[in-house]
Amino acid sequence: MDIHFLSKETAYIDAGVNLGLICSGEKSILIDAGIEVSVAKKVLKLINEKNLKLSGLILTHAHADHTGGAAYIKNSLNIPVISSFQEKPFIEHPHLEPFYLFGGATPLKTMENKFLQAPPCSVDICLEPGKQDLLGFAVDVIPLPGHTPGQIGIAYEGTLYLADALFAPEILAKHGLPYFVDIGAVLHTLGKLSESSYDFYVPSHGSVVENPVELTLVNKKFLEELLDMVLGHLKEPHTTTELLGKILREKNITINNPSSFYLMQASLQALLSYLVNTGKINVVYCDNLLCWHRNQS
């Protein structure tokens, strides 16, 4: 783990996920907090070694690999934690994530783990989109919905911290069925990023890039191939579980725990809702089971 400076004012820390660090003199703001306390401790040690003082912590979205160390950092330094309005409830009440993944019911105990449920952390400042002064830093808050409803990116001095709006090709290949909640929003975000102009783009998973166009095209193509794969299996009606099994077999993915199953089921449901809402497939009922069927017209 180390701090990698992109310019005098912008850097990132490779901490399992790439954490952003923006600087002005001796002041700094950290963007995301890593998955757990042990990571947060190492991050604070690195920042201290650079004689930087943290003024605040921005959380781009509420997933545990980005928020797990937040409560420790907040309590250790007594600094404000900052997020979007939409992500605040999930940061403050992280039990909601396994709850909604399990269909709005009390989840299995095995789903209450560090990968789905970070320690709760109170949020002090909620950000609106746009250019603004944040603790003395002139930042631009960029909505990047799709991976979560209220995910945000932070632009500062020519660097855009992307959160999970773009994935490196190796990350897409590794996960096979990455987590999305809104496919239409993902496509809109990709289009917006392809037309943007910053010196550096820092994804949370993958390498820094200077031009986002190729990476946005890779992500868009991957998503379109997933949609085509789903459509290809729906010439006959399928339940969600039947369809998920076929998709996972086709992608050579093996699931061996409930957390992975329900994350991938949620991603599939995002694909299905997009296809229904765009008129590509229909909801039908087969022997009292809700099924999905390709539109034959």
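Numbering-wise, the sequence shown is residues 500 to 796 according to my numbering.
C-beta atoms are modelled at their ideal positions from N, C-alpha and C, and glycine is treated no differently.
Since the model is a prediction, treat every value here as computed from it, not as a measurement.
For residue i and residue j, what's the separation of their Cα atoms in angstroms?
i: TYR784; j: VAL775; result: 14 Å
i: HIS732; j: HIS565; result: 34 Å
i: GLU627; j: VAL640; result: 7 Å
i: ALA667; j: SER696; result: 19 Å
i: VAL782; j: PRO736; result: 9 Å
i: LEU600; j: PHE699; result: 34 Å
i: GLU709; j: LYS734; result: 42 Å
i: SER582; j: ASP531; result: 10 Å
i: VAL701; j: ILE512; result: 10 Å
i: SER575; j: GLY602; result: 35 Å
i: LEU537; j: LEU789; result: Note that residue 537 corresponds to Ser in the displayed sequence, not to Leu. Whole-angstrom Cα-Cα distance: 44 Å.
i: GLY568; j: ALA561; result: 12 Å
i: SER706; j: THR715; result: 14 Å
i: LEU483; j: LEU543; result: Residue 483 is absent from the structure shown; the chain starts at 500 and stops at 796.
i: ASN612; j: TYR773; result: 29 Å
i: ILE752; j: ILE624; result: 40 Å
i: LYS507; j: CYS522; result: 8 Å
i: GLY524; j: SER766; result: 42 Å
i: PRO593; j: TYR678; result: 17 Å
i: HIS674; j: HIS646; result: 14 Å
i: ILE754; j: GLY744; result: 10 Å
i: PRO619; j: ALA570; result: 7 Å
i: GLN616; j: LEU595; result: 8 Å
i: LEU742; j: GLY690; result: 29 Å
i: THR688; j: LEU505; result: 24 Å
i: PHE760; j: ARG793; result: 24 Å
i: GLY635; j: ARG748; result: 51 Å
Quick check on residue i: buried or exposed, where buried means 16 or more other Cβ atoms within 10 Å of its Cβ?
i: ALA672; result: exposed
i: MET763; result: buried
i: MET500; result: exposed
i: ASP727; result: exposed
i: LYS587; result: buried
i: THR740; result: exposed
i: GLY657; result: exposed
i: VAL712; result: exposed
i: GLN795; result: exposed
i: GLU669; result: exposed
i: HIS503; result: exposed
i: GLY519; result: buried
i: PHE584; result: exposed
i: ASP786; result: exposed
i: LEU633; result: buried
What does residue i pair with, by DSSP beta-bridge criteria?
i: LYS552; result: LYS526
i: SER582; result: CYS625
i: ILE780; result: ARG793
i: VAL701; result: TYR660
i: PHE504; result: ALA510
i: TYR655; result: THR658
i: LEU520; result: ALA510 and LEU529
i: ASP639; result: LYS630 and ALA654
i: ILE557; result: ILE530 and ILE581
i: CYS785; result: LEU788
Determine, using beta carbons only, whether residue i and residue j come nearer to each other than 9 Å.
i: TYR660; j: GLY649; result: no
i: LEU558; j: SER527; result: no
i: VAL680; j: LEU722; result: no
i: LEU553; j: ILE534; result: no
i: ALA514; j: LYS549; result: no
i: LEU556; j: ILE578; result: yes
i: VAL638; j: GLN631; result: yes
i: THR609; j: SER758; result: yes
i: LEU692; j: LEU725; result: no
i: LEU730; j: ILE682; result: no
i: SER746; j: LEU676; result: The sequence given here has Ile at residue 746, not Ser. Yes, Cβ-Cβ distance for ILE746 and LEU676 is below 9 Å.
i: THR509; j: TYR655; result: yes
i: ASN718; j: LEU665; result: yes
i: ALA563; j: PHE598; result: no
i: VAL580; j: SER703; result: no
Item to check | In chain order, each alpha helix (DSSP H) run of at least 4 residues that lies wholly inside the segment 675-733 | outcome: 682-693 and 712-732
Item to check | Complete runs of the alpha helix (DSSP H) confined to the segment 730-771 [at least 4 residues] | outcome: 739-749, all fully within the segment 730-771.
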